[in-house]
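Protein chains: 2
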Amino acid sequence: MNRKKNSITVADVARAANVSKATAARVLGGYGVASESTRRSVIEAADRLGYQPNELARSMSTGRTGLIGVVVGDIENAFFSRAVRGISDTARAAGLNVVIANSGERPEQEREMVSVLLRQRVAGLIVAPTDDRDVRHLKDAIKAGTPVVTLDRWVPDLGADGVCGGDHAAATEVMEHLLVNGHRRIAYVTAVDLTDGRLSDLSDIPISAVRERVRGFMDAMHGTGIANSATFVRGGAVDSRSIDGIIDGLLTDEQRFTAILASDSLIGAEIYRSLSARGIRLPKDMSLVSWFDADWTRVTSPPVSIIDQPTYLFGQTAVKRLIARLEGQAIPPDQIVIPTPFIARGSTGKSRTTG
Amino acid sequence: MNRKKNSITVADVARAANVSKATAARVLGGYGVASESTRRSVIEAADRLGYQPNELARSMSTGRTGLIGVVVGDIENAFFSRAVRGISDTARAAGLNVVIANSGERPEQEREMVSVLLRQRVAGLIVAPTDDRDVRHLKDAIKAGTPVVTLDRWVPDLGADGVCGGDHAAATEVMEHLLVNGHRRIAYVTAVDLTDGRLSDLSDIPISAVRERVRGFMDAMHGTGIANSATFVRGGAVDSRSIDGIIDGLLTDEQRFTAILASDSLIGAEIYRSLSARGIRLPKDMSLVSWFDADWTRVTSPPVSIIDQPTYLFGQTAVKRLIARLEGQAIPPDQIVIPTPFIARGSTGKSRTTG
DNA sequence: TTGTACGCGTTATCAA
DNA sequence: TTGATAACGCGTACAA
Numbered sequence: 001m002n003r004k005k006n007s008i009t010v011a012d013v014a015r016a017a018n019v020s021k022a023t024a025a026r027v028l029g030g031y032g033v034a035s036e037s038t039r040r041s042v043i044e045a046a047d048r049l050g051y052q053p054n055e056l057a058r059s060m061s062t063g064r065t066g067l068i069g070v071v072v073g074d075i076e077n078a079f080f081s082r083a084v085r086g087i088s089d090t091a092r093a094a095g096l097n098v099v100i101a102n103s104g105e106r107p108e109q110e111r112e113m114v115s116v117l118l119r120q121r122v123a124g125l126i127v128a129p130t131d132d133r134d135v136r137h138l139k140d141a142i143k144a145g146t147p148v149v150t151l152d153r154w155v156p157d158l159g160a161d162g163v164c165g166g167d168h169a170a171a172t173e174v175m176e177h178l179l180v181n182g183h184r185r186i187a188y189v190t191a192v193d194l195t196d197g198r199l200s201d202l203s204d205i206p207i208s209a210v211r212e213r214v215r216g217f218m219d220a221m222h223g224t225g226i227a228n229s230a231t232f233v234r235g236g237a238v239d240s241r242s243i244d245g246i247i248d249g250l251l252t253d254e255q256r257f258t259a260i261l262a263s264d265s266l267i268g269a270e271i272y273r274s275l276s277a278r279g280i281r282l283p284k285d286m287s288l289v290s291w292f293d294a295d296w297t298r299v300t301s302p303p304v305s306i307i308d309q310p311t312y313l314f315g316q317t318a319v320k321r322l323i324a325r326l327e328g329q330a331i332p333p334d335q336i337v338i339p340t341p342f343i344a345r346g347s348t349g350k351s352r353t354t355g
Numbered sequence: 001m002n003r004k005k006n007s008i009t010v011a012d013v014a015r016a017a018n019v020s021k022a023t024a025a026r027v028l029g030g031y032g033v034a035s036e037s038t039r040r041s042v043i044e045a046a047d048r049l050g051y052q053p054n055e056l057a058r059s060m061s062t063g064r065t066g067l068i069g070v071v072v073g074d075i076e077n078a079f080f081s082r083a084v085r086g087i088s089d090t091a092r093a094a095g096l097n098v099v100i101a102n103s104g105e106r107p108e109q110e111r112e113m114v115s116v117l118l119r120q121r122v123a124g125l126i127v128a129p130t131d132d133r134d135v136r137h138l139k140d141a142i143k144a145g146t147p148v149v150t151l152d153r154w155v156p157d158l159g160a161d162g163v164c165g166g167d168h169a170a171a172t173e174v175m176e177h178l179l180v181n182g183h184r185r186i187a188y189v190t191a192v193d194l195t196d197g198r199l200s201d202l203s204d205i206p207i208s209a210v211r212e213r214v215r216g217f218m219d220a221m222h223g224t225g226i227a228n229s230a231t232f233v234r235g236g237a238v239d240s241r242s243i244d245g246i247i248d249g250l251l252t253d254e255q256r257f258t259a260i261l262a263s264d265s266l267i268g269a270e271i272y273r274s275l276s277a278r279g280i281r282l283p284k285d286m287s288l289v290s291w292f293d294a295d296w297t298r299v300t301s302p303p304v305s306i307i308d309q310p311t312y313l314f315g316q317t318a319v320k321r322l323i324a325r326l327e328g329q330a331i332p333p334d335q336i337v338i339p340t341p342f343i344a345r346g347s348t349g350k351s352r353t354t355g
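As they're listed, the protein sequences go chains B and U. Start counting the first sequence at 1; every next residue gets the next number (UniProt numbering). Start counting the second sequence at 1; every next residue gets the next number (UniProt numbering).
Right, dumping it as structure tokens:
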């Protein structure tokens, strides 16, 4: 066993302070009792030697790591990085440390990351599950005693708490706004991979957040007597190229679309860019609404109407719930819905066909 | 000692497979030798019981964690989150895991986070140091055998490798562009806290990246015979309010400023917004350049000229260097400079005073 | 108030 | 090819 670094241990400190290992451990660990004099000499010896407690050994001994694992879809997405900030700040304040991992919105990688974190013996997990139908790894974690809180997404039969936005309500709110302004041909654009880019059934959408929004979208459409609203949903919006393709499709469609809903701010930005490049003016030629209050939505002309998702709060709430679980609260798992209000800005106006 | 979760251990697997602990450990750990038959029965027992190796115990035994610690200024800043992505991807590919922490650009918190990571026994550290003059914690880490690579910033006497942008060169390039276009009254806006918001000496800037840019900025100004260029540097740009104040100051200054350099993309976005709100037109009334190719710079009208910092590459490079250190390469620590080219877009044009 | 001795789950050494 | 057994650094009954 070739130890690489030989860091200072309690034994070293004990020796230097002429006390037993146990005594040194007690004052350094801040538990048990010790006389003022020995306490002083131990502490003196400790920072003379530059003692740094070994958190690994401590965890082995106590059985708890004080670590919480977080698996997000993409840390580069401000949606998630802000949530991570909320998680970190709140966890830190509670004396917990945070380990972050990316799933890249890929189920295999999500499973892999969860496994890594479990082997690291995290006390609990916060995960934004990539696919509703593929959550056995999360169920296993829960069964093995590691509480899980889902972030931004809700998986009913998982048995975990979930913190999500009010997706159906937000979609309804946006649609009301658009319908009142005379819009009827409205498209919903998402990154979700749909067969052929088109939606055949709601259950094809494996992420509850998106599914609920689309459900709200379609409910509203049906309410106005539009039957084929499923054809107004476009999937596969994953990069500039695919989004250019979708925009081209929408612009040349026999349905003369007057408004677009972007399922997240990355898609929103690409749509904005694509429309600008094609000389489409907002809101005159087209209205645009994006989920998430991203920086870019405030500097465009006109600024872009958004659904405000307070993801810092999402994260904060998720941690609080997780901590409650860690403390042994045995209430049934449930869904915590955080309101995500629609904020109208300049990118939405009256439909050109009526206004 | 109340163990909370009693996970399956090698001992359990060994018992189930009717072999000794040592044998089970060998096949599960993938080291040593074992006959094909025992290997099979051990593996069968392992995944029948759902064995998950305890990484903590493994680390205790081997003395290495396979963890690398990262301390960034703010994970919410796309500059850093992209770097973190570069770090994660590269580290993961090398079989290392990543623990991320925020310093909030505050020295105390940076020290605290480094300490936390060290206690976690990370194999190495990647840090964006908040203050050049306050790096004893990093020196201590290095001395104790944990290699450090600084990110985006270079601290000469630290004895650590550093991955940075070509800050002086980029500033020079931008300034050439602006000077050629007739600009002379150019302001540099940074978040760095300067006494009274004004710069008295370059050494007041505790972050090499900013210092080098300002140095390039002032060199170029001096080159045109402008002596008091230090007064063109404005500090304390930390939020909307302070930036509004700075913009107001610049617009009413007796120097009729025609161009502004934003030290990062958060500042850039706020400046853009502040200028727009005041009816200042780009580039007619004012030219603007921002560091970092943030999303928002591409959707404004006109799009904003930037200095492109490939921070994914920064992160990737930092990890590679760190791994080289972990493998024991004993070359002297040095600075790795990554080019950060100026990309002219619509926000920079001829100075109104000459054009 | 202090010290002894064992356990946590692994790896690694050395005999068998 | 296997199995006992001692580390690793810390917490913690229990005894002194």
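A virtual CB, placed ideally from N, CA and C, is assigned to each residue, including glycine.
Asked: Three-state secondary structure (DSSP) of R352 (chain B); Found: coil
Asked: Spatial neighbours of I274 (chain U) in its chain, beta-carbon cut-off 7 Å, leaving aside the 5 residues before and after; Found: Looking at the sequence shown, residue 274 (chain U) is not Ile but Ser. Here the set comprises I243, D244, I247.
Asked: Helix, strand or coil at N2 (chain U) according to DSSP, with G and I counted as helix; Found: Bear in mind that the predicted position of N2 (chain U) carries a pLDDT of just 47, short of 50, making it too unreliable to give a figure here.
Asked: Contacts that A269 (chain B) makes with chain U (C-beta to C-beta distance below 7 Å); Found: D295, V299
Asked: Euclidean distance between Cα positions of H168 (chain U) and L202 (chain U); Found: 13 Å
Asked: 8 Å Cβ cutoff, P53 (chain B) in contact with chain U; Found: yes
Asked: Sequence-distant residues of the same chain with beta carbon closer than 6 Å to residue 402 (chain U), five excluded per side; Found: Residue 402 (chain U) lies beyond the stretch modelled for chain U, which goes from 1 to 355, so this question has no answer here.
Asked: Classification of A17 (chain U) by the beta-carbon crowding that lies within 10 angstroms, buried from 16 upward; Found: buried
Asked: Beta-carbon contacts of T354 (chain B) that lie in its chain and below 6 Å, excluding the five residues immediately before and after; Found: In this predicted model, T354 (chain B) has a pLDDT of only 49, less than 50, meaning its place in the structure is not dependable enough to derive any value.
Asked: Proximal chain B residues relative to R82 (chain U), where beta-carbon distance stays under 8 Å; Found: E76
Asked: is_contact[I100 (chain U), chain B] using C-beta, thresh 8 Å; Found: yes
Asked: Min CB distance R3 (chain B) to chain U below 8 Å; Found: With a pLDDT of 47 at R3 (chain B), under the threshold of 50, the predicted position of this residue should be treated as unreliable, and no value is reported.
Asked: Buried versus exposed call for T340 (chain B) [16 or more other C-beta atoms within 10 Å across all chains shown]; Found: buried
Asked: Buried/exposed call for P129 (chain U), threshold 16 Cβ in 10 Å; Found: buried
Asked: Backbone secondary structure at W296 (chain B) - three-state DSSP; Found: helix
Asked: Best match in B:R26, B:S103, B:A123, B:R48 for proximity to I68 (chain B) [C-alpha to C-alpha]; Found: B:A123
Asked: Helix, strand or coil at A17 (chain U) according to DSSP, with G and I counted as helix; Found: helix
Asked: Buried or exposed (CB count within 10 angstroms, at least 16 for buried), S35 (chain U); Found: exposed
Asked: Contacts around A237 (chain U), its chain only, beta-carbon distance under 7 Å, and the 5 residues preceding and following it disregarded; Found: V189, T190, A191, I243, I246, I267
Asked: Buried versus exposed, by CB contacts within 10 Å (16 or more), Q329 (chain B); Found: exposed
Asked: Cβ-Cβ distance between I343 (chain U) and S305 (chain U) below 8 Å; Found: yes
Asked: Buried or exposed by the 16-neighbour rule on C-beta atoms within 10 Å, applied to R40 (chain U); Found: exposed
Asked: Exposure label - E176 (chain U); buried when at least 16 CB within 10 Å; Found: exposed
Asked: CB contact below 8 Å: M286 (chain U) versus chain B; Found: no
Asked: 8 Å contact criterion, which S351 (chain B) and T224 (chain B) should meet: CB distance rounded; Found: Wrong, their Cβ atoms sit about 12 Å apart, outside the cutoff.
Asked: The stretch 42-73 of chain B: positions lying closer than 8 Å to chain U by Cβ; Found: G50, Q52, P53, N54, E55, L56, A57, S59, M60, S61, T62, G63, R64, T65
Asked: Under 8 Å between C-beta atoms of A262 (chain U) and L282 (chain U); Found: no
Asked: Chain-order list of residues whose beta-carbon lies under 7 Å from that of D334 (chain B) (same chain, five-residue window excluded); Found: D161
Asked: Minimum C-alpha distance to R213 (chain U) - residue among U:T146, U:G165, U:G279; Found: U:G165
Asked: Contact with chain U by T354 (chain B), beta-carbon distance below 8 Å; Found: With a pLDDT of 49 at T354 (chain B), under the threshold of 50, the predicted position of this residue should be treated as unreliable, and no value is reported.
Asked: Cβ-heavy atom distance, L179 (chain U) to the ligand MN, below 7 Å; Found: This structure lacks the ligand MN, and indeed carries no ligand of any kind.
Asked: Backbone CA spacing between N2 (chain U) and M60 (chain B) [nearest angstrom]; Found: In this prediction, N2 (chain U) has a pLDDT of 47, which is less than 50 and means its spatial position is unreliable; what the coordinates show is noted afterwards. The alpha-carbon atoms of N2 (chain U) and M60 (chain B) are separated by roughly 12 Å.
Asked: Through-space distance from L322 (chain B) to I336 (chain B), alpha-carbon basis; Found: 12 Å
Asked: Below-8 Å beta-carbon distance, L118 (chain U) vs any chain B residue; Found: yes
Asked: S37 (chain B) burial status per 10 Å Cβ neighbour count (16 or more: buried); Found: exposed
Asked: Where the stretch 142-156 of chain U meets chain B: residues whose CB sits under 8 Å from a CB there; Found: A144, G145, T146
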